[in-house]
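Beneath this line is the structure, given in structure tokens, with notes to follow.
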Amino acid sequence: ILNVEQSPQSLHVQEGDSTNFTCSFPSSNFYALHWYRWETAKSPEALFVMTLNGDEKKKGRISATLNTKEGYSYLYIKGSQPEDSATYLCAFFTGTASKLTFGTGTRLQVTL
Amino acid sequence: DGGITQSPKYLFRKEGQNVTLSCEQNLNHDAMYWYRQDPGQGLRLIYYSQIVNDFQKGDIAEGYSVSREKKESFPLTVTSAQKNPTAFYLCASSPPGTRTIGELFFGEGSRLTVL
Chain A
1354 ILNVEQSPQS LHVQEGDSTN FTCSFPSSNF YALHWYRWET AKSPEALFVM TLNGDEKKKG
1414 RISATLNTKE GYSYLYIKGS QPEDSATYLC AFFTGTASKL TFGTGTRLQV TL
Chain B
31 DGGITQSPKY LFRKEGQNVT LSCEQNLNHD AMYWYRQDPG QGLRLIYYSQ IVNDFQKGDI
91 AEGYSVSREK KESFPLTVTS AQKNPTAFYL CASSPPGTRT IGELFFGEGS RLTVL
């Protein structure tokens, strides 16, 4: 069973703070790493799909980096806003059986 | 608008009854998936289908069944054999990929409570 770990489990920041989370995954048999944002009462939505070691992706104030050799990815949020409050999930794909293995998520709460 | 529709959003059933959760997509995606979420755990794959009339067991398929008679539809039946059916269920689809899986598009989920 693949182990995908996310830390911290939860995070509470103030508006304007920058923050980051970690996703750790097995460094062998890497094909792709996904990040999703899941707001309460909504569908999870994809932020990034990362496939190359050293990859950096950015969408607005959110960015992610990938290190496949050591098995981790960071998600950064610059200048957090209340609308960033959500659970952020990462998911690891080994290329077999068409399935992603999800971490338990980091729950972010941004207050004014 | 294109997307994935799950129904019902909330469902209560008595122990021993089978329950079917609906999942419909109009994204023209070939692959569809069912995940289960329990508190403190990551999403776990129940079943997936890469093409019509074909589906594969995921990590926790016991006590569940699916069908894929149409590209747009992938219903999940929670049978009485599922020991702990109370959970939140998410359906997803993804566009075809080559060596890697494309991003997943999710429905809003169905919460099943077995009394």
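First to last, the sequence lines map onto chains A and B. Everything in the first sequence is counted per our numbering, starting at 1354 for the first residue and increasing by one. Everything in the second sequence is counted per our numbering, starting at 31 for the first residue and increasing by one. Using N, Cα and C, we set each Cβ at its ideal position, and we do this for glycine too.
Any non-hydrogen atom of the ligand FMN closer than 8 Å to residue i Cβ
| i | result |
| --- | --- |
| residue 62 of chain B | Annotation note on the ligand FMN: not contained in the displayed structure, which lists no ligands. |
According to DSSP, residues forming a beta bridge with residue i
| i | result |
| --- | --- |
| residue 1485 of chain A | The requested residue 1485 of chain A is not part of the displayed model; chain A covers only 1354 to 1465. |
| residue 110 of chain B | In DSSP, residue 110 of chain B forms no bridge with anything. |
| residue 1390 of chain A | A:1398, A:1441 |
| residue 96 of chain B | B:106 |
| residue 1463 of chain A | A:1366 |
| residue 1360 of chain A | A:1375 |
| residue 84 of chain B | B:81 |
| residue 35 of chain B | B:54 |
| residue 74 of chain B | B:66 |
Interface partners of residue i on chain A, CB under 8 Å
| i | result |
| --- | --- |
| residue 85 of chain B | In chain order: nothing, as chain A lies at least about 11 Å away. |
| residue 138 of chain B | 1394, 1395, 1396 |
| residue 57 of chain B | Going along chain A, no residue has its Cβ under 8 Å from residue 57 of chain B, so there is no contact; the nearest lies around 12 Å. |
Closer than 9 Å to chain B by CB, residue i
| i | result |
| --- | --- |
| residue 1394 of chain A | yes |
| residue 1409 of chain A | no |
| residue 1368 of chain A | no |
| residue 1389 of chain A | yes |
| residue 1419 of chain A | no |
| residue 1463 of chain A | no |
Residue i at chain A interface by Cβ criterion, 9 Å
| i | result |
| --- | --- |
| residue 120 of chain B | yes |
| residue 129 of chain B | Note that residue 129 of chain B scores 49 on pLDDT, short of 50, meaning its location in the model is unreliable and no value can be drawn from it. |
| residue 142 of chain B | no |
| residue 133 of chain B | yes |
| residue 63 of chain B | yes |
| residue 75 of chain B | yes |
Whether residue i touches residue j by CB criterion (9 Å)
| i | j | result |
| --- | --- | --- |
| residue 1440 of chain A | residue 1367 of chain A | no |
| residue 1427 of chain A | residue 1378 of chain A | no |
| residue 1402 of chain A | residue 72 of chain B | no |
| residue 1417 of chain A | residue 1388 of chain A | yes |
| residue 141 of chain B | residue 118 of chain B | yes |
| residue 61 of chain B | residue 126 of chain B | yes |
| residue 1394 of chain A | residue 138 of chain B | yes |
| residue 63 of chain B | residue 79 of chain B | yes |
| residue 1438 of chain A | residue 1414 of chain A | no |
| residue 76 of chain B | residue 65 of chain B | yes |
| residue 1430 of chain A | residue 1453 of chain A | no |
| residue 1447 of chain A | residue 1355 of chain A | yes |
Where residue i meets chain B, residues with beta-carbon distance less than 7 Å
| i | result |
| --- | --- |
| residue 1457 of chain A | 70, 71, 72 |
Task: Members of the stretch 1430-1443 of chain A that neighbour chain B once the beta carbon cut-off is set at 8 Å - done: Under the 8 Å Cβ criterion, the stretch 1430-1443 of chain A contributes 1442.
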